[in-house]
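Chains as they are written, first to last, in the working numbering: chain G, 39 to 454; chain E, 39 to 454. Here is the structure we will look at, set down as structure tokens.
There are 2 protein chains.
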Amino acid sequence: MTFQTPKGTRDWPPEEMRKLQFVTDTLRRVFEKYGFQSIDTPAFESFDVLAAKGGAGEAIKEEIYYFKDKSDREIGLRFDLTVPLARFIINNPNIPKPFKRYAIGKAWRYDNPQAQRYREFWMADVDIVGSNSLMADAECLSVAVECMRSLGFKKFYIRVNNRKFLESLFMAKGIQKDRIVDLFRTIDKLDKLGEEGVLKELSEKGFDGKNIITLINGGYKKEYSKVEGALELEELMKLAKVVGIGKNLKIDLSLVRGLEYYTGPVFEVFAGGTVSCGGGGRYDRLIKNLGGPDLPATGISFGLDRLVNIMTDSKMFRLNPKTICMVAPVNDRSRKEALKIVNALRDEGVNCDSDVSGKKLGKLLEYASSLSIPYAIIVGEKELKKKAVVLRNMKNGKERTVKIKDLAGMLNSGDS
Amino acid sequence: MTFQTPKGTRDWPPEEMRKLQFVTDTLRRVFEKYGFQSIDTPAFESFDVLAAKGGAGEAIKEEIYYFKDKSDREIGLRFDLTVPLARFIINNPNIPKPFKRYAIGKAWRYDNPQAQRYREFWMADVDIVGSNSLMADAECLSVAVECMRSLGFKKFYIRVNNRKFLESLFMAKGIQKDRIVDLFRTIDKLDKLGEEGVLKELSEKGFDGKNIITLINGGYKKEYSKVEGALELEELMKLAKVVGIGKNLKIDLSLVRGLEYYTGPVFEVFAGGTVSCGGGGRYDRLIKNLGGPDLPATGISFGLDRLVNIMTDSKMFRLNPKTICMVAPVNDRSRKEALKIVNALRDEGVNCDSDVSGKKLGKLLEYASSLSIPYAIIVGEKELKKKAVVLRNMKNGKERTVKIKDLAGMLNSGDS
Numbered sequence: 039m040t041f042q043t044p045k046g047t048r049d050w051p052p053e054e055m056r057k058l059q060f061v062t063d064t065l066r067r068v069f070e071k072y073g074f075q076s077i078d079t080p081a082f083e084s085f086d087v088l089a090a091k092g093g094a095g096e097a098i099k100e101e102i103y104y105f106k107d108k109s110d111r112e113i114g115l116r117f118d119l120t121v122p123l124a125r126f127i128i129n130n131p132n133i134p135k136p137f138k139r140y141a142i143g144k145a146w147r148y149d150n151p152q153a154q155r156y157r158e159f160w161m162a163d164v165d166i167v168g169s170n171s172l173m174a175d176a177e178c179l180s181v182a183v184e185c186m187r188s189l190g191f192k193k194f195y196i197r198v199n200n201r202k203f204l205e206s207l208f209m210a211k212g213i214q215k216d217r218i219v220d221l222f223r224t225i226d227k228l229d230k231l232g233e234e235g236v237l238k239e240l241s242e243k244g245f246d247g248k249n250i251i252t253l254i255n256g257g258y259k260k261e262y263s264k265v266e267g268a269l270e271l272e273e274l275m276k277l278a279k280v281v282g283i284g285k286n287l288k289i290d291l292s293l294v295r296g297l298e299y300y301t302g303p304v305f306e307v308f309a310g311g312t313v314s315c316g317g318g319g320r321y322d323r324l325i326k327n328l329g330g331p332d333l334p335a336t337g338i339s340f341g342l343d344r345l346v347n348i349m350t351d352s353k354m355f356r357l358n359p360k361t362i363c364m365v366a367p368v369n370d371r372s373r374k375e376a377l378k379i380v381n382a383l384r385d386e387g388v389n390c391d392s393d394v395s396g397k398k399l400g401k402l403l404e405y406a407s408s409l410s411i412p413y414a415i416i417v418g419e420k421e422l423k424k425k426a427v428v429l430r431n432m433k434n435g436k437e438r439t440v441k442i443k444d445l446a447g448m449l450n451s452g453d454s
Numbered sequence: 039m040t041f042q043t044p045k046g047t048r049d050w051p052p053e054e055m056r057k058l059q060f061v062t063d064t065l066r067r068v069f070e071k072y073g074f075q076s077i078d079t080p081a082f083e084s085f086d087v088l089a090a091k092g093g094a095g096e097a098i099k100e101e102i103y104y105f106k107d108k109s110d111r112e113i114g115l116r117f118d119l120t121v122p123l124a125r126f127i128i129n130n131p132n133i134p135k136p137f138k139r140y141a142i143g144k145a146w147r148y149d150n151p152q153a154q155r156y157r158e159f160w161m162a163d164v165d166i167v168g169s170n171s172l173m174a175d176a177e178c179l180s181v182a183v184e185c186m187r188s189l190g191f192k193k194f195y196i197r198v199n200n201r202k203f204l205e206s207l208f209m210a211k212g213i214q215k216d217r218i219v220d221l222f223r224t225i226d227k228l229d230k231l232g233e234e235g236v237l238k239e240l241s242e243k244g245f246d247g248k249n250i251i252t253l254i255n256g257g258y259k260k261e262y263s264k265v266e267g268a269l270e271l272e273e274l275m276k277l278a279k280v281v282g283i284g285k286n287l288k289i290d291l292s293l294v295r296g297l298e299y300y301t302g303p304v305f306e307v308f309a310g311g312t313v314s315c316g317g318g319g320r321y322d323r324l325i326k327n328l329g330g331p332d333l334p335a336t337g338i339s340f341g342l343d344r345l346v347n348i349m350t351d352s353k354m355f356r357l358n359p360k361t362i363c364m365v366a367p368v369n370d371r372s373r374k375e376a377l378k379i380v381n382a383l384r385d386e387g388v389n390c391d392s393d394v395s396g397k398k399l400g401k402l403l404e405y406a407s408s409l410s411i412p413y414a415i416i417v418g419e420k421e422l423k424k425k426a427v428v429l430r431n432m433k434n435g436k437e438r439t440v441k442i443k444d445l446a447g448m449l450n451s452g453d454s
């Protein structure tokens, strides 16, 4: 028998989980500050719902966890939080629009596991359904910027482009409309293949590679304003300035994002350098394509595994210990009093641990150290007679006698 | 195409999700107050891990979501959070013991869906691994009591029994050891079948039904103290009294809990009456049976769908709206200033919504009402000249003019 997690998945042990919780707590606080409401949907969906996204159809079976339940219903683990949202919207037609929803949860893809890429991963999404205004896109960009700031990122930025704009530019350069999705797919590989590689693939596909590269590098600025989508991009940047996030955005004509269902603005969030930790854009046709009403939508999504990894590598986590003190009886005779002190401290809101396995004092203090608990409260008969205990700072080993009634106040104020 | 969630699963729309979040936030705070640490494990496990619990083996395939991945690995969605914990413990041998962990997440069972019983459900578990002391069981009971109190329950209680004790009693009455599991299975149906039904099934199985019913109803008190496990139960009740939860516990000899892997104390949490919302007990053999070290363990588990349902039925939720105000421009000319106000309020920590779809004032106020947002900030040119806005109480329709600089303070203090 194997005790490893299934291939491509992982456990979050306590020290990693605290990081994930810091990230999810922070994002949730920001999402709620922006008026987004939380929903939760099942881990799996009917396969036909999953297959409808962007017309991928049956082919998506290869990329997801697909199975049949015991009544032969085809189901699959969700591969993102957007398709479940679209299905939810269709299923709840009376929900007030625009519907601003956030969701934090797992999704699953049957990728080949790579470094920092898991088959099970945590996501946090904000989306606005039912507004075709650029104000909705700007709101998603705002909330994303605020998330990055609140997590402590300094050099982050969001690349912004517009699908309509890029499509018009390409068409103005004589590229046929029905070839543009294929063109997008190659351009999307810029970060992976580099300019050389993309140039090569474009030529293989029969495109004028040099012309296209010049274009997405901003080589035809004069022609920009004439094409569809140019105004949209300009307007979005103006809105961004009004809400104070202009400096965090960078127009990048090479950004296409592979997913076929984007219809307008597209975004990608970079923690710094070229490390992407989120992205999104406008997808006005998804809900209709799924068989629902004609509702525009836009959103942005964070990859939490990626965020935690980047923040760990950049030493950004400054997490205080959750458990403040270990209450340690010096022997069995003071055990009962120790339990009462634990009880009283917890009543006062102090996160507090106690001996639950009958360890001797020395072992218990070692155990508290191994859990990085900052204080120990040593309960001995001598001090108990004076209604006091010994408070030990586990870092420097300093001890002092403290009245029991003063403990909670001291530990809560950090004055200990 | 169906837009329903897959059979036996459900969505949590915003108003339900807020209840779930209240419950998970409350439990998490209590768990951390008691020094439990959080871990997360994958939604699915290798099938051989899932099959090992309590020796259910292959038969469990019928009760879980079982499937093969694309490399023909047998996997299954976890059906609880205990088996993943046991697997985690084996996989992380150096984690300090006792390991006090909590986990909040979903599990899946291929039950026949019934009222209030889902195939996908939320659980919250606390467990202590590596202590065979009753102090660990008492700690789990304490944390469970505190959870129920913190959720606002008044009449809850925890039924407590001891498997060893009951087993000894039965053996003292001449029942063969190898028939006791079967006996437990029938007694476990007391709530479902009633005494009549259980009596009938016991007779069918060849037991002396009347004698057994008398026994679990407390009919042979004098004989109790002589058998194994009696002291354990007594000691646990004493410890419970020390930590102030004695009144919340009820010894109930009829409580066996069906799962075969319990080895000592067993618990079941009742919100009041006979509605169970959680349970647990000591399972000293599970980790070893799974192929790991000989580590004792005890824990307790809450069913969150059940808790949310009970609390809804009992009208226990008093949730404040998450979004405090809607900033509403009277026309397009005040839109830019409105965005700046939204921005400033969010910077001051006010959860604040804004127009993202170009609604006219009347429609926007209707929309705010439909979201139960308590205040609207109406931004008009006339007031803007005086650096002020109109603050509207959405409940009673009262309006007053307020300086922009005073808004955040007023909304944050609730003095509005």
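Just so it is clear, CB atoms sit at the ideal spot from N, CA and C, and this is done for glycine as well.
Residue i to residue j span [Cα, whole Å]
| i | j | result |
| --- | --- | --- |
| residue 115 of chain E | residue 294 of chain E | 26 angstroms |
| residue 248 of chain E | residue 124 of chain E | 39 angstroms |
| residue 135 of chain G | residue 254 of chain G | 36 angstroms |
| residue 242 of chain G | residue 250 of chain G | 14 angstroms |
| residue 441 of chain E | residue 449 of chain E | 12 angstroms |
| residue 428 of chain E | residue 452 of chain E | 16 angstroms |
| residue 322 of chain G | residue 354 of chain E | 40 angstroms |
| residue 422 of chain G | residue 59 of chain G | 38 angstroms |
| residue 296 of chain E | residue 109 of chain G | 27 angstroms |
| residue 132 of chain E | residue 414 of chain G | 23 angstroms |
| residue 420 of chain G | residue 437 of chain G | 15 angstroms |
| residue 234 of chain E | residue 312 of chain E | 17 angstroms |
CB-CB length for residue i against residue j, believed under 8 angstroms
| i | j | result |
| --- | --- | --- |
| residue 164 of chain E | residue 317 of chain E | Between residue 317 of chain E and residue 164 of chain E the Cβ distance is about 12 angstroms, and since that is not below 8 angstroms, they are no contact. |
| residue 49 of chain E | residue 77 of chain G | 7 angstroms |
| residue 394 of chain E | residue 363 of chain E | With a Cβ gap of about 15 angstroms, residue 394 of chain E and residue 363 of chain E do not count as contacting. |
| residue 334 of chain G | residue 168 of chain G | 7 angstroms |
| residue 224 of chain E | residue 236 of chain E | 6 angstroms |
Limits of the unbroken beta strand (DSSP E) element including residue i
| i | result |
| --- | --- |
| residue 456 of chain G | Because chain G spans 39 through 454 in this model, residue 456 of chain G falls outside it and cannot be assessed. |
| residue 513 of chain E | Any answer about residue 513 of chain E is impossible in this case: the structure gives chain E only from 39 up to 454. |
| residue 426 of chain E | 426-431 |
| residue 112 of chain E | 112-115 |
Beta bridge counterpart(s) of residue i as assigned by DSSP
| i | result |
| --- | --- |
| residue 350 of chain G | Per DSSP, none; premise fails for residue 350 of chain G. |
| residue 414 of chain E | E:364 and E:430 |
| residue 103 of chain E | For residue 103 of chain E, which the question treats as bridged, DSSP gives no partner whatsoever. |
| residue 390 of chain G | G:363 |
| residue 159 of chain G | G:145 |
| residue 78 of chain E | G:50 |
| residue 166 of chain G | G:138 and G:336 |
| residue 308 of chain G | G:195 and G:314 |
| residue 288 of chain G | G:197 |
Residue span of the alpha helix (DSSP H) that contains residue i, given as start and end
| i | result |
| --- | --- |
| residue 120 of chain E | 120-129 |
| residue 400 of chain G | 399-408 |
| residue 224 of chain E | 218-225 |
| residue 145 of chain E | Where residue 145 of chain E is concerned, there is no enclosing alpha helix (DSSP H), although the beta strand (DSSP E) it sits in stretches over 137-146. |
| residue 87 of chain G | 85-90 |
| residue 376 of chain E | 373-385 |
| residue 195 of chain E | Counting along the chain, residue 195 of chain E falls outside any alpha helix (DSSP H), though it belongs to the beta strand (DSSP E) covering 195-200. |
| residue 441 of chain G | Note, residue 441 of chain G: premise wrong, no alpha helix (DSSP H); beta strand (DSSP E) at 437-441. |
| residue 250 of chain G | 247-254 |
| residue 176 of chain G | 172-189 |
| residue 327 of chain G | 324-327 |
| residue 298 of chain G | No alpha helix (DSSP H) holds residue 298 of chain G; DSSP gives it neither H nor E. |
| residue 261 of chain E | 259-262 |
Examine the Cβ distances between the stretch 52-59 of chain E and the stretch 80-90 of chain E and report whether three or more of them are shorter than 8 angstroms. Below 8 angstroms, too few C-beta pairs join the stretch 52-59 of chain E and the stretch 80-90 of chain E to call them touching: fewer than three.
Taking 8 angstroms as the cut-off, does the stretch 105-122 of chain G touch the stretch 137-147 of chain G (at least 3 CB pairs, one atom from each stretch)? Between the stretch 137-147 of chain G and the stretch 105-122 of chain G, the count of C-beta pairs closer than 8 angstroms reaches three or more; the two stretches touch.
Three or more C-beta pairs closer than 8 angstroms, one from the stretch 327-347 of chain E and one from the stretch 159-173 of chain E: is that the case here? Enough Cβ pairs lie closer than 8 angstroms, so yes.
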